Amino acid sequence: MKVEFINCQEVRMGSPYKICDLKLEGKWVPVLPDEDWQDVICISPCSRFVGLVAWDTQKNEPGFIVYTIDIREQKYSVCDRMSGCCSDLTWDPDASVFIPHLA
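Using my numbering, the letters of the sequence shown correspond one by one to residues 60 to 162.
Below, the structure is given as structure tokens:
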């Protein structure tokens, strides 16, 4: 699956964080909700799982949700909302989950 972040712009002037639209291409792509996406992606070493980060700002408080796409099973899962800003994702092979890193 090819992932492309398009129409990216700063969340706020001078912010290192971006808000983007998401473009997915491939043999199979999930139909994801229309979210504001962060330009953060992680792919598991076996290329089966793709992790993406969607903004979830509530009451002017930044937060995010991690989407885990399982390409082999052709489905995706969503974690609970986390407060703060995600700076990066890493793959935890023991738990088979993406670990978000907060700024």
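Where is the CB? At the ideal position from N, CA and C, for every residue including glycine. Computed from a predicted structure; not experimentally measured.
Asked	Found
Where does M141 sit, in a helix, a strand or coil, going by DSSP?	strand
How many angstroms separate the CA atom of W114 from the CA atom of G122?	6 Å
Can you check whether the CB of Y135 is closer than 8 Å to the CB of L81?	no
Along the beta strand (DSSP E) that carries E63, what are the first and last residues, could you check?	K61 to E69
Output the distance between the C-alpha atoms of S74 and K118, rounded to the nearest integer angstrom.	19 Å
To the nearest angstrom, how far is the alpha carbon of T149 from that of D98?	14 Å
Would you report the Cα separation of G85 and V112, rounded to the nearest angstrom?	19 Å
For D66, which residues in the same chain have their Cβ closer than 7 Å to its Cβ, ignoring the five residues on either side in sequence?	Position check: residue 66 holds Asn in this sequence, whereas Asp was assumed. Within the same chain, N66 has close Cβ partners C79 and D80.
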